[in-house]
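These notes are about the structure you will find just below.
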Amino acid sequence: MAIHSFLRAIIVGAPGSGKGTISTRIVKDFGVKHLSSGDLLRKQVQEKTEYGQQAKNYMDAGKLVPDDLMLGLFMNELKDLGDHSWLLDGFPRTVDQAVALTKSKDIDVVLNLRIPFDVIIDRIKGRWTHPGSGRIYHVDFNPPKVPFKDDMTGEPLVQRDDDKEETVKARLEHYRHLTHPVLQFFSNKGMVEEFAGTESNEIWPRVHKTLSHIVTPKQYTHYE
Ligand code: G5P
Ligand code: MG
């Protein structure tokens, strides 16, 4: 694949597969703009906007937010990306979303994280997030410097409302039924790169190598 001047990528994977974790590393090494649909929705919920109030019930039940609502919110954000490298995390999640996206944007690669479901349940139990920035921690894997406080701001960390075990199971079911066809959609176009494993630290160098064939990294960071 030829080296491009900027990167247009999508990261896909089940809830808790490490999309946010790997995205943070891609942002750092490749200087891309990261657009997370979940972070965008949680911001709307926090700010009690019309979008947020409609989306919250679906999110708390572990269901996908309806396409018309999601497209209204996300496609608007996409307009501002211009000629910048970008990475979409959590979008598209249905075939209708994928069709709408590919009508307006070219995509270089779809990164698919394949993590066993039993590993995921354990990970989500230990996740804490900083609501203001979306920064993610884990009690063992990636603990904050001060327990339950964000490293950058010192503000309290919270557990996501949709991280209760029953809700996580519902999210995994919806993933199986609705998002799998999205992968098929992109596979048919030859765009999907698969990353199977149980550890983000082991997957990350492979993701880095794949992306380095598309764009030149801004910096090289090595993770143990
Ligand atoms: P989100 O916000 O997109 P999900 O469900 O797709 O949510 P989630 O939960 O954010 O995905 P992730 O980003 O894939 O998971 O995973 P992560 O946060 O990086 O890692 C999970 C935890 O494991 C963290 O604590 C991390 O530190 C830890 N971890 C990572 N790697 C390792 C490791 O190697 N070892 C260990 N021990 N730990 C590790 O969507 C939320 C909701 O928004 C709506 C839906 O309602 C959805 O349910 N939504 C949409 N609805 C419709 N259409 C869309 N496009 C939508 N997008 C969002
Ligand atoms: Mg995430």
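Sequence positions in the sequence shown follow the UniProt record's numbering and run 1 to 224.
Virtual Cβ for every residue (Gly too), placed ideally from N, Cα, C.
query	result
DSSP puts G13 in a beta bridge; with which residues?	L113
Between which two residues does the alpha helix (DSSP H) harbouring Y58 extend?	E50 to D60
Here's the rule: buried if 16 or more other CB atoms are within 10 angstroms of the residue's CB, otherwise exposed. What is F148?	exposed
Below 7 Å CB to CB, which residues in the same chain sit around L71 once its five sequence neighbours on both sides are set aside?	Q97 and A100
Quick check: what's the CA-CA separation for G52 versus G38?	11 Å
Alpha carbon to alpha carbon, how far is G197 from H174?	21 Å
Where does the unbroken beta strand (DSSP E) through K33 begin, and where does it stop?	K33 to S36
Pick out the complete alpha helix (DSSP H) segments inside the segment 171 to 204, 4 residues or longer, and give them in chain order.	180 to 187
Leaving out five residues on either side along the sequence, give the residues of the same chain with a beta carbon under 6 Å from the beta carbon of P144.	Y137 and D151
Does K149 come out as helix, strand or coil in the three-state DSSP assignment?	strand
By Cβ distance below 8 Å, which residues in the same chain neighbour Y223 in space, the five residues on each side in sequence not counted?	Confidence in Y223 is poor, its pLDDT being 47 and thus under 50, which makes the residue's placement too unreliable to answer from.
Return the residue from the list F74, D68, G18 and D118 that minimises the CA-CA distance to R42.	F74
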